[in-house]
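In this note's numbering, the protein residues as written are 1 to 568.
Every residue gets a Cβ at the ideal spot worked out from N, C-alpha and C, and that includes glycine.
Because the structure is a prediction, the values reported are computed rather than measured.
All remarks here apply to the structure that follows.
Printed below as a string of structure tokens:
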């Protein structure tokens, strides 16, 4: 969702002391109030003889006294407004700002008169309600710059056509469906002012059209969590001002278009959970120098991990997991200088537009959970290269990334030892090297990782004692299964550790169909002894009689012992 930082005057902070409201507008507001449900009495200041310019939620013009802004969005800790929308709002003919966000209008369908009224607004926010129905074309917006937020409702149908005056729209978290071609390609020769486009979390489908050149002012695009197919359009390369591009969780195929190298302002590229293929282009490290977030996880990328990515000095989140990359981890990884240092004083990543600024957000896997970060995103620093075919050793240079909080190299073919100076990565909270071919002892310096709360070294060839006197003893034993490690939190007699039976996860992909020879030998020995004995008993009648007589006598003796114990 768009979270704007633009500073608007709220009547709760400052009232209109120099003007008196127009009587007809006071009556219109009172009629509007009559149809609202106000369980927390938020509108108690709206009285019959009061001055509406001093009412909570009302802003009047300091010159004319006309109502120009209506702030009725619910804030945290206040109960939501409900009821019905009264057409008395039409009498507020100079209203340019309307905020009804985060209320509860109980699956109300927006009346036609309400959409007609919106054509005079420069700020129109009815997000986080239960409004439903279709969104009509919004071609008559008269204000020179318009923000529309209809997110988190139950709107259905196709995308509406937009006025060229619309600057930012958020239609996310609805049930809009169909193609976006008519929306994007309408009047191709008419330049648009749109800077923010958020269509995420809908039911949109079809190919993403090649009609982006006329949208040259776009700063942020969110198309994630839809059903889009086809390729990423090459015409997106014409968006020279673009800073944020999300196409996550669709069915997009093909390679990353080379035209995106012209989008040098990009800060976020989020293409995860698609079917993209080919190599990860090296030019991303050379031509997109401002990247902070690069998420290409869960695709079909092949080839090597480009060394050019080491040039991304602002990169804080790198997720290339669940692909088919085959190279070694480059030693130049220490050049990712934003991961070298501690947290920046700013905790938000945001983009400035003519209507203010908006926060970035991204899904990050942290400690085994998928977490959505937004207002604290600038504080997050992670690297995930898991579930690829990476080989070679972990470069010692990695340990210079002292600001990194989460590091996941699991499910690869890495060999060698954990770098001795791993303790220098003092910000690490999550560290996963499971299911590789790593060996040697755990470095004692790991005890310097005082923030470490999630560690997984299972299914490797580690040996020796787990370092003591550290937080390692408080971790789950399954963090060390499938290795030759010993000591707390493992029990000394743990066959899970000795024979790698833990959770049943194989060390490597090629081990998935290999045989556990220890348990096979035990089972074959038992079966051979059992059936061999039975075969001999069937051949020898006397032996059979002796055997069953012995069993019978043993049973009687055991029964006498039990009865004797119970009597006592």
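Apart from the five residues just before and just after residue i, which ones in its own chain have a Cβ nearer than 8 angstroms to its Cβ?
{"i": "residue 476", "result": "489"}
{"i": "residue 25", "result": "52, 66, 67, 91 and 92"}
{"i": "residue 127", "result": "1, 101, 102, 149, 150, 151, 152, 153 and 170"}
{"i": "residue 19", "result": "53, 60, 61, 62, 63, 64 and 65"}
{"i": "residue 37", "result": "81, 82 and 83"}
{"i": "residue 510", "result": "Note that residue 510 scores a pLDDT of 40, beneath 50, so its modelled location is shaky; the value from the coordinates is reported in the next line. So no residue of the chain qualifies."}
{"i": "residue 325", "result": "280, 301, 302, 303, 304, 305, 385, 388, 389 and 390"}
{"i": "residue 466", "result": "442, 472, 473, 480, 485, 486, 487, 488, 489 and 490"}
{"i": "residue 155", "result": "131, 132, 133, 134, 135, 171, 174, 175 and 176"}
{"i": "residue 104", "result": "80, 81, 82, 129 and 130"}
{"i": "residue 183", "result": "158, 159, 160, 161 and 162"}
{"i": "residue 167", "result": "145, 146, 147, 193, 194, 195, 196, 353, 354 and 355"}
Beta-carbon within less than 7 angstroms of residue i's beta-carbon, same chain only, minus the 5 sequence neighbours each way: which residues are those?
{"i": "residue 188", "result": "211 and 214"}
{"i": "residue 282", "result": "306 and 308"}
{"i": "residue 110", "result": "131 and 133"}
{"i": "residue 373", "result": "361, 362, 364 and 380"}
{"i": "residue 580", "result": "Residue 580 is absent from the model: the chain starts at 1 and stops at 568."}
{"i": "residue 218", "result": "194, 195, 197, 239, 241 and 242"}
{"i": "residue 327", "result": "304, 305 and 390"}
Out of the options, which one is the CA nearest neighbour of residue i?
{"i": "residue 240", "options": "222, 341, 262 and 172", "result": "262"}
{"i": "residue 147", "options": "182, 134, 196 and 129", "result": "196"}
{"i": "residue 288", "options": "271, 265 and 273", "result": "265"}
{"i": "residue 464", "options": "443, 478 and 295", "result": "443"}
{"i": "residue 321", "options": "294, 400, 312 and 31", "result": "294"}
{"i": "residue 434", "options": "451, 446 and 459", "result": "459"}
{"i": "residue 119", "options": "386, 199 and 143", "result": "143"}
{"i": "residue 468", "options": "284, 108 and 486", "result": "486"}
{"i": "residue 452", "options": "484, 418, 407 and 438", "result": "407"}
{"i": "residue 455", "options": "426, 431 and 384", "result": "431"}
{"i": "residue 335", "options": "414, 313 and 353", "result": "313"}
{"i": "residue 275", "options": "284, 245, 259 and 232", "result": "232"}
{"i": "residue 260", "options": "416, 238, 474 and 253", "result": "238"}
{"i": "residue 257", "options": "268, 244, 267 and 277", "result": "277"}
{"i": "residue 439", "options": "429, 420 and 450", "result": "420"}
{"i": "residue 461", "options": "165, 117 and 482", "result": "482"}
{"i": "residue 415", "options": "399, 398, 392 and 186", "result": "392"}
{"i": "residue 112", "options": "87, 123 and 398", "result": "87"}
{"i": "residue 311", "options": "331, 323 and 297", "result": "331"}
{"i": "residue 40", "options": "49, 75 and 179", "result": "75"}
Based on the DSSP secondary-structure assignment, which residues constitute the bridge partners of residue i?
{"i": "residue 317", "result": "293 and 382"}
{"i": "residue 168", "result": "147 and 196"}
{"i": "residue 253", "result": "231 and 275"}
{"i": "residue 176", "result": "157"}
{"i": "residue 162", "result": "138"}
{"i": "residue 205", "result": "227"}
{"i": "residue 461", "result": "439"}
{"i": "residue 373", "result": "362"}
{"i": "residue 416", "result": "438"}
{"i": "residue 476", "result": "None, per the DSSP bridge assignment."}
{"i": "residue 222", "result": "198 and 246"}
{"i": "residue 40", "result": "Answer by DSSP bridge pairing: none, since residue 40 is not bridged."}
{"i": "residue 456", "result": "432"}
{"i": "residue 392", "result": "414"}
{"i": "residue 301", "result": "278"}
State the start and end residues of the unbroken alpha helix (DSSP H) segment that holds residue i.
{"i": "residue 23", "result": "23 to 34"}
{"i": "residue 285", "result": "283 to 287"}
Does the ligand ADP have even one heavy atom less than 7 angstroms from the beta-carbon of residue i?
{"i": "residue 113", "result": "With respect to small molecules bound, the structure shown includes none, and the ligand ADP cannot be examined in it."}
Identify, in the order they occur along the chain, each residue of the same chain with its Cβ nearer than 6 angstroms to the Cβ of residue i, setting aside the five sequence neighbours on each side.
{"i": "residue 279", "result": "303"}
{"i": "residue 247", "result": "223 and 271"}
{"i": "residue 43", "result": "33"}
{"i": "residue 236", "result": "212"}
{"i": "residue 162", "result": "138"}
{"i": "residue 69", "result": "59 and 97"}
{"i": "residue 199", "result": "171 and 223"}
{"i": "residue 339", "result": "381, 401, 403 and 404"}
{"i": "residue 250", "result": "226, 228 and 274"}
{"i": "residue 107", "result": "130 and 132"}
Over what stretch of residues does the beta strand (DSSP E) that includes residue i continue unbroken?
{"i": "residue 486", "result": "484 to 486"}
{"i": "residue 406", "result": "406 to 408"}
{"i": "residue 183", "result": "That residue, residue 183, is in no beta strand (DSSP E); its alpha helix (DSSP H) goes 181 to 185."}
{"i": "residue 60", "result": "58 to 60"}
{"i": "residue 270", "result": "268 to 270"}
{"i": "residue 626", "result": "No answer is possible for residue 626: it lies beyond the span of the chain, which begins at 1 and ends at 568."}
task: List in chain order: all unbroken alpha helix (DSSP H) runs of 4+ residues lying wholly within the stretch 68 to 156.
output: Taking only runs of at least 4 residues, the alpha helix (DSSP H) segments lying wholly in the stretch 68 to 156 are 112 to 117.
Start-end ranges of the beta strand (DSSP E) lying completely within the stretch 325 to 369, minimum 3 residues: Listed in chain order, they are 350 to 353, 356 to 359 and 362 to 366.
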